[in-house]
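Engineer: Supplied in structure tokens, the structure appears directly below.
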Amino acid sequence: MRYLPLTPEDRADMLGTVGANSVDDFFTDVPESARLSGTISGLPDHQGELAVERHMTKLAAKNRSASSGPFFVGAGAYKHHVPATVDMVIQRSEFLTTYTPYQPEIAQGTLQTLFEFQTQVAAMTAMDVANASMYDGSTACAEAAIMATRVTRRKKVILSGGLHPHYAAATKMVCEAQGFEVVQLPVAVDGENALADAVDDQTACVIGQSPNIFGTVTDLSKTADAAHDKGALLVSVFTEAVSLGLVTPPGEMGADIAVGEGQSIGNGLNFGGPYVGLFACTQKLVRQMPGRLCGETVDANGDRGFVLTLSTREQHIRRDKATSNICTNSGLCALAFTAHMTLLGGKGLEQLALLNHEAACDLADALEAVPGVEILTPRFFNEFAFRTPMDAEAVLAMLDEAGVVGGVRASRLFPDGHMGDVILCAATECTTAEDIAAYAAALKEII
Amino acid sequence: MTMNTQGRPTSPVSAANQSVDTVSGSKGLLQAEGLIFEIGTQDTTGVDLPTPKNRTGRLGGVARKQPTGLPGLSEPQTVRHYMRLSQKNYAIDLGLFPLGSCTMKHNPRLNEKLARLPGFADIHPLQPQATVQGALELIDELATWLKTLTGMPAVAMSPKAGAHGEFCGMMAIRQALVARGEAEARKRVLVPASAHGTNPATAVQCGFIVDEIKANARGRVDMESLKAKLEKTDDIAGIMLTNPNTCGLFETDIKEIADLIHAAGGYFYCDGANFNAIVGRVRPGDLGVDAMHINLHKTFSTPHGGGGPGSGPTVLSDALAPYAPVPFVVKDEDGVFRLVEDMEGDAKESFGRMVAFHGQMGMFVRALTYMLSHGADGLKQASEDAVLNANYIQARLKSVMTPAFEGYCMHEALFSDAFTADGIETIDIAKSLIDEGYHPMTMYFPLVVHGAMLIEPTESESKAELDRFCDSLESIARRAAQGDETLKGAPYLAPMRRLDETQAARKPVLKWTQPDANSVAAE
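So the protein lines, in turn, are chains A and B.
In terms of the working numbering, the first sequence opens at residue 317 and continues consecutively.
In terms of the working numbering, the second sequence opens at residue 2 and continues consecutively.
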């Protein structure tokens with residue numbers, strides 16, 4: 317077994333040192349009826365690299381990768397180009413195979429990159445501070461809601477009708493488990509500022525999203541003012557981090573907490589995970605934040621260094637009084653994010669955002685020209701919703717036959733809604749003019 | 002090229018043993034490296050993108066006002082930045098990483114290679130299910146392995162890490178109580194004092210109240226204390242118990258504990274963080290467990306990545322399976338794999354959705370690759386070797402250190418600080434290990450042992466490597482027993498000396514700011 321260094325002689329020798337007859341001696345605390353003899357049946361025995369590689373390659377071959385043709389699926393995960401350097405960085409053994417940096421003297425590599433990550437996320441969201449990452453955008457959203465109830469000591473959370481339904485579901489589940497009331501506003505393509513009318517003096521926070529699930533970008537300043545008037549917080553959500561290069565960021569709208577998905581920067585699609593949740597807030601809320609924080613300090617020589625800090629918020633110190641139960645986060649995905657951002661810089665991010673917007677504009681122009689297509693999203697960044705004269709599922713299936721993965725049917729995300737004829741689609745810097753032409757041509761054939 | 006025609010010295014000249022201060026701040030191969038904000042510029046970018054047309058027509062004016070101001074680095078600068086930083090990290094690929102409870106085992110490179118196949122890495126969670134049948138099949142295959150190894154009938158795959166898996170299991174318990182109409186009455190969850198901090202934090206996050214139970218002198222659950230807690234049963238939701246526990250011991254009375262909890266009307270949540278000690282030897286399903294998360298990043302070798310990502314599939318008993326979170330994969334009679342994403346039909350009793358999409362696919366690929374590589378036979382051998390290695394360390398060190406409990410351990414050896422002289426603390430021993438070229442053991446955990454030192458070697462170490470480690474730790478332990486004050490200054494040979502955590506927390510500086518701007522101090 318190639319991963320096990322002990323030889324049979326080593327094992328015998330070591331058992332002698334320990335004073336045991338066999339490894340069975342170590343398992344005598346196991347109730348006798350639960351001791352297994354022999355090998356568990358129904359599973360194969362060990363295999364060499366080649367055999368394993370063959371098996372896995374066969375499974376991979378049954379999937380259609382996003383790069384294999386025109387591809388327009390977004391709705392919370394996006395196909396972007398990741399520079400080769402990023403993958404080199406995250407495959408460095410010193411980053412890949414190390415633990416959470418609890419021993420800062422031998423973890424400055426991880427700690428400094430986290431400090432840089434926090435600084436980048438704070439700047440991109442225009443917030444005061446950011447943490448060292450959460451699992452993903454949806455769980456970051458749920459944590460933001462809980463944090464708002466803690467800050468305001470109120471029990472009501474209001475979700476916009478444009479919040480990604482998976483984010484809404486995850487948030488609702490977490491809040492209701494703790495006895496908080498969740499108000500979900502009706503699904504709306506362009507209704508983020510309806511939050512301003514819904515907020516009352518019982519509200520802990522309102523949660524709005526820009527760009528929202530339909531791609532609509534909204535200035536939430538009005539909602540922020542309304543929330544603050546009632547003593548509530550604004551949680552501002554995004555699922556497309558590249559939008560921060562072009563679209564009004566949470567901090568410029570008066571958000572108290574900004575949460576979002578960072579997958580778009582440095583991370584692949586990976587069928588939904590692992591991703592990296594971004595979490596930022598205003599300075600005065602720092603001590604209520606969930607998750608790890610990296611801070612600057614000095615060592616015994618007075619040299620600058622970094623450590624995990626404010627851990628009295630966290631489960632390993634505060635146990636049942638912790639701000640969250642999160643322990644492991646998305647360290648390596650955060651590293652991919654920060655390495656990609658280091659390559660991009662603010663200037664590169666802005667360029668990338670413009671290229672995304674322009675690709676989506678070209679796509680919208682092309683689809684709009686197809687008779688029967690109605691673009692529903694009034695203002696967008698790189699994704700939008702459109703209505704077809706036919707059932708969306710049928711349209712997507714026919715597009716698929718034409719080699720075009722045309723997007724997500726809205727009914728997959730909103731099964732109770734009346735959106736059977738709506739398709740959500742996205743374009744990025746990976747989208748070519750040929751891809752767009754192929755989409756428009758195929759759609760014209762179908763409808 | 003170095004020519005030697007001028008009589009250049011070819012043997013070292015004897016010199017005083019002195020430290021050298023450098024202008025650059027570098028120490029030979031260990032290069033000094035500033036923050037990207039200090040070395041980059043706002044005009045630099047390390048990617049070549051097409052020039053945009055600056056068309057923002059469909060944005061409706063919802064545009065960013067202030068630029069981010071973030072610097073960029075060219076590609077060579079970027080590569081060096083991360084290379085230099087990486088060399089300040091310890092890693093399992095560099096040496097033994099005996100962090101108890103964290104299971105730092107070898108992370109096979111084959112896992113990394115296969116996780117990067119475009120058919121896994123480059124597929125979207127919402128593309129049509131007909132185009133991702135291989136991905137759904139992989140999830141189903143991994144689920145089969147997990148169910149078989151644990152002897153449990155169902156598994157929820159979407160939890161993102163161990164604590165998220167705990168949340169999944171406890172929510173399933175909560176939902177089962179809701180279905181019984183007892184969710185309001187049954188709020189009390191028993192948690193041993195030795196538990197991971199995530200356990201009580203999770204219980205509270207699910208709306209439960211934590212009731213702590215004591216450990217006995219053998220490091221196991223104190224049955225008298227447990228029975229006393231169960232005198233009143235109508236408010237019991239369940240118990241959260243780690244097994245093997247955080248003292249590295251198998252809970253001898255585990256079946257009785259399960260029976261008592263079930264008789265009280267509660268459920269048994271097992272924290273599976275230490276499942277790596279018993280894979281192939283014991284199936285938690287045979288112990289009366291109702292829910293258990295499995296840390297793929299511990300037991301099944303997916304890399305820790307400096308703090309994640311993890312993955313925490315959670316196996317469920319028949320009693321809890323109906324309440325599993327969405328989404329999950331089912332295989333229809335025609336052999337087609339299908340995602341159940343909505344709370345209807347197969348999932349009408351589900352407690353809901355925990356997360357966007359379907360779980361940590363990238364980790365699933367790595368874990369399944371590892372399982373297939375090891376096979377059922379190799380996984381069992383791996384557990385046995387992990388336990389043997391821990392016992393070997395305990396045996397080699399028990400004469401100089403103080404084992405916390407008598408008898409054999411499972412996959413980790415636990416010592417108290419009883420052997421140290423006054424003034425020498427666990428942290429001094431831990432930091433001294435750094436100078437010897439090792440990552441410290443887990444320290445001050447579990448809380449039930451004073452100055453705890455929890456050493457988990459895993460199965461990835463050779464006997465020679467273990468001996469080298471034991472020689473180092475034995476020497477440090479002797480010095481600690483003698484009160485060697487030099488230990489208090491360790492580490493001396495690491496990239497940095499001991500860092501001031503108190504200062505970091507008192508005046509938190511959580512991001513870089515322009516030196517002339519006000520520092521980011523909280524309150």
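Even glycine gets a Cβ: it sits at the ideal position worked out from N, Cα and C.
Only a predicted model underlies this, so the values are computations on that prediction, with no experimental measurement involved.
Does the distance from the C-beta atom of residue 170 of chain B to that of residue 270 of chain B stay below 8 Å?
Structural biologist: Against the second sequence, residue 170 of chain B aligns to sequence position 169. Against the second sequence, residue 270 of chain B aligns to sequence position 269. For residue 170 of chain B and residue 270 of chain B, yes; Cβs fall inside 8 Å.
Engineer: Checking 8 Å against the spacing of the C-beta atoms, do residue 676 of chain A and residue 700 of chain A come in under that value?
Structural biologist: In the first sequence, the residue the question calls residue 676 of chain A occupies position 360. In the first sequence, the residue the question calls residue 700 of chain A occupies position 384. For residue 676 of chain A and residue 700 of chain A, yes; Cβs fall inside 8 Å.
Engineer: Please classify residue 640 of chain A as buried or exposed, where buried requires at least 16 other C-beta atoms within 10 Å of its C-beta.
Structural biologist: Taking the first sequence and counting its residues from 1, one reaches residue 640 of chain A at position 324. The residue in question, residue 640 of chain A, is buried, as its Cβ has 16 or more Cβ neighbours within 10 Å.
Engineer: Write down every uninterrupted run of the alpha helix (DSSP H) in the segment 499-539 of chain A whose length is 4 residues or greater and which is fully enclosed by it, in chain order.
Structural biologist: Fully enclosed alpha helix (DSSP H) runs of 4 or longer: 510-514.
Engineer: With distances taken from CA atoms, which of A:390, A:719, A:743, A:653 is nearest residue 783 of chain A?
Structural biologist: Because chain A spans 317 through 763 in this model, residue 783 of chain A falls outside it and cannot be assessed.
Engineer: Could you tell me which of B:69, B:73, B:127 sits nearest to residue 729 of chain A, measuring between CA atoms?
Structural biologist: For the purposes of this step, residue 729 of chain A is taken as residue 413 along the first sequence, with counting starting at 1. Here the closest residue by C-alpha is B:127.
Engineer: Write down the C-beta distance between residue 426 of chain B and residue 99 of chain B rounded to the nearest angstrom, noting that I regard them as a contact closer than 8 Å.
Structural biologist: Residue numbering aside, residue 426 of chain B sits at position 425 when the second sequence is read from its first letter. Residue numbering aside, residue 99 of chain B sits at position 98 when the second sequence is read from its first letter. Residue 426 of chain B to residue 99 of chain B, Cβ: 18 Å. No contact.
Engineer: Given a limit of 7 Å on CB to CB distance, which residues of the segment 107-126 of chain B reach chain A?
Structural biologist: Listed by position along the chain: 107, 108, 109, 111, 113, 115, 118, 119, 120, 121, 122, 123, 124, 125, 126.
Engineer: Quick one: which residues of the segment 515-547 of chain A get their C-beta closer than 8 Å to a C-beta of chain B? List them in chain order.
Structural biologist: Cβ contacts with chain B come from 526, 533, 534, 535.
Engineer: Going along the chain, which residues of the segment 454-474 of chain A sit with their C-beta nearer than 7 Å to a C-beta in chain B?
Structural biologist: If the cut-off is 7 Å between Cβ atoms, the segment 454-474 of chain A has 454, 455 near chain B.
Engineer: What's the call for residue 672 of chain A, buried or exposed, on a 16-neighbour Cβ count within 10 Å?
Structural biologist: In the first sequence, residue 672 of chain A corresponds to position 356, counting from 1. Looking at its Cβ environment, which holds 16 or more other Cβ atoms inside 10 Å, residue 672 of chain A is buried.
Engineer: Around the Cβ of residue 493 of chain B, are there at least 16 other Cβ atoms within 10 angstroms (buried) or fewer (exposed)?
Structural biologist: Here residue 493 of chain B is taken as the residue at index 492 of the second sequence, counted from 1. Answer is exposed; the Cβ neighbour count stays below 16.
Engineer: Roughly how many whole angstroms lie between the Cα atoms of residue 186 of chain B and residue 386 of chain A?
Structural biologist: Start at 1 with the first residue of the second sequence, and residue 186 of chain B comes out as number 185. Start at 1 with the first residue of the first sequence, and residue 386 of chain A comes out as number 70. Answer to the nearest angstrom: the Cα atoms are 55 Å apart.
Engineer: Tell me residue 272 of chain B's beta-bridge partners as DSSP assigns them.
Structural biologist: By 1-based counting over the second sequence, the position of residue 272 of chain B is 271. Bridge partners of residue 272 of chain B: B:243.
Engineer: Give the residues of chain B in contact with residue 645 of chain A, contact being defined as C-beta atoms less than 7 Å apart.
Structural biologist: Residue numbering aside, residue 645 of chain A sits at position 329 when the first sequence is read from its first letter. What residue 645 of chain A touches in chain B: 308, 309.
Engineer: Start and end of the beta strand (DSSP E) containing residue 551 of chain A?
Structural biologist: Locating residue 551 of chain A in the first sequence gives position 235, counting from the first residue. Residues 549-554.
Engineer: Any idea if residue 525 of chain B is buried or exposed, counting beta-carbon neighbours within 10 angstroms, 16 or more meaning buried?
Structural biologist: Shown here, chain B extends from 2 to 524; a query on residue 525 of chain B therefore has no answer.
Engineer: Are there three or more Cβ pairs, one per stretch, closer than 8 Å when the segment 476-494 of chain A is compared with the segment 615-623 of chain A?
Structural biologist: Judged by Cβ distances under 8 Å, the segment 476-494 of chain A makes no contact with the segment 615-623 of chain A, as fewer than three pairs qualify.
Engineer: Note down, in chain order, every chain B residue with its Cβ under 9 Å from the Cβ of residue 491 of chain A.
Structural biologist: Position 175 of the first sequence, counting from 1, holds the residue named residue 491 of chain A. Within chain B, no residue comes near residue 491 of chain A; the closest Cβ sits about 10 Å away, beyond 9 Å.
Engineer: Please list, in chain order, the chain A residues whose beta carbon lies closer than 8 Å to that of residue 1 of chain B.
Structural biologist: No information on residue 1 of chain B is available, as it lies outside the stretch 2 to 524 that chain B covers here.
Engineer: Residue 1 of chain B: which of B:294, B:88, B:215, B:132 sits nearest, CA to CA?
Structural biologist: Because residue 1 of chain B is not part of the residues shown, which for chain B are 2 to 524, the question remains open.
Engineer: Under the rule that 16 or more other beta-carbon atoms within 10 Å means buried, what is residue 318 of chain A, buried or exposed?
Structural biologist: Along the first sequence, one-based indexing puts residue 318 of chain A at 2. Exposed, because fewer than 16 other Cβ atoms sit within 10 Å of the Cβ of residue 318 of chain A.
Engineer: Counting only Cβ pairs nearer than 9 Å, list the residues of chain B close to residue 346 of chain A.
Structural biologist: Here residue 346 of chain A is taken as the residue at index 30 of the first sequence, counted from 1. Going along chain B in sequence order, the residues near residue 346 of chain A (Cβ under 9 Å) are 251, 253, 255, 279, 282, 283, 288.
Engineer: Would you mind giving the Cβ-Cβ distance between residue 509 of chain A and residue 534 of chain A, rounded to the nearest angstrom? I have them listed as a contact below 8 Å.
Structural biologist: Taking the first residue of the first sequence as 1, we reach residue 509 of chain A at position 193. Taking the first residue of the first sequence as 1, we reach residue 534 of chain A at position 218. Residue 509 of chain A to residue 534 of chain A, Cβ: 6 Å. Contact.
Engineer: Please name the residue or residues paired with residue 212 of chain B in a DSSP beta bridge.
Structural biologist: Looking up residue 212 of chain B in the second sequence gives position 211. BP columns for residue 212 of chain B point to B:191.
Engineer: Measuring alpha carbon to alpha carbon, tell me which of A:464, A:546, A:636, A:382 ends up nearest residue 200 of chain B.
Structural biologist: One-based indexing of the second sequence puts residue 200 of chain B at position 199. The candidate whose alpha carbon is nearest that of residue 200 of chain B is A:636.
Engineer: Among A:597, A:584, A:427, A:645, which has the Cα closest to the Cα of residue 552 of chain A?
Structural biologist: For this step, residue 552 of chain A is matched to residue 236 along the first sequence. Looking at the Cα atoms, A:597 is the closest of the given residues.
Engineer: Could you work out which residue in A:547, A:339, A:505, A:493 is closest to residue 518 of chain A when comparing CA atoms only?
Structural biologist: Walking along the first sequence from the start, residue 518 of chain A turns up at place 202. Of the candidates A:547, A:339, A:505, A:493, the one whose C-alpha sits nearest the C-alpha of residue 518 of chain A is A:547.
Engineer: So does the segment 271-279 of chain B actually touch the segment 242-252 of chain B, counting three or more Cβ pairs closer than 8 Å?
Structural biologist: Verdict: yes, contact present.
Engineer: Have a look at residue 64 of chain B and residue 43 of chain B and give me their C-alpha separation to the nearest angstrom.
Structural biologist: Locating residue 64 of chain B in the second sequence gives position 63, counting from the first residue. Locating residue 43 of chain B in the second sequence gives position 42, counting from the first residue. Straight-line Cα distance between these residues: approximately 20 Å.
Engineer: From residue 524 of chain B to residue 507 of chain B, what distance separates their C-alpha atoms?
Structural biologist: For the purposes of this step, residue 524 of chain B is taken as the residue at position 523 of the second sequence. For the purposes of this step, residue 507 of chain B is taken as the residue at position 506 of the second sequence. For residue 524 of chain B, the predicted model reports a pLDDT of 39, less than 50, meaning its position is unreliable and no value from the coordinates is stated.
Engineer: Can you list, in chain order, the residues of its chain with a C-beta nearer than 6 Å to that of residue 286 of chain B? Leave out the 5 residues immediately preceding and following it.
Structural biologist: Locating residue 286 of chain B in the second sequence gives position 285, counting from the first residue. These residues qualify, in order along the chain: 151, 152, 153.
Engineer: If you measure from the beta carbon of residue 580 of chain A to each beta carbon in chain B, is any gap under 8 Å?
Structural biologist: Residue numbering aside, residue 580 of chain A sits at position 264 when the first sequence is read from its first letter. No, residue 580 of chain A does not count as interfacial toward chain B.
Engineer: Would you mind stating whether residue 314 of chain B and residue 297 of chain B have Cβ atoms separated by less than 8 Å?
Structural biologist: Locating residue 314 of chain B in the second sequence gives position 313, where the first residue counts as 1. Locating residue 297 of chain B in the second sequence gives position 296, where the first residue counts as 1. A contact, by the Cβ cut-off of 8 Å.
Engineer: Pick helix, strand or coil for residue 425 of chain B, following the three-state DSSP scheme.
Structural biologist: For the purposes of this step, residue 425 of chain B is identified with residue 424 of the second sequence, where counting begins at 1. Of the three classes helix, strand and coil, the one that applies to residue 425 of chain B here is coil, per DSSP.
Engineer: If the cut-off is 9 Å on Cβ atoms, which residues from the segment 368-379 of chain B count as contacting chain A, listed in chain order?
Structural biologist: Of all residues in the segment 368-379 of chain B, 369, 370, 371, 372, 373, 374, 375, 376, 377, 378, 379 have a Cβ within less than 9 Å of some Cβ in chain A.
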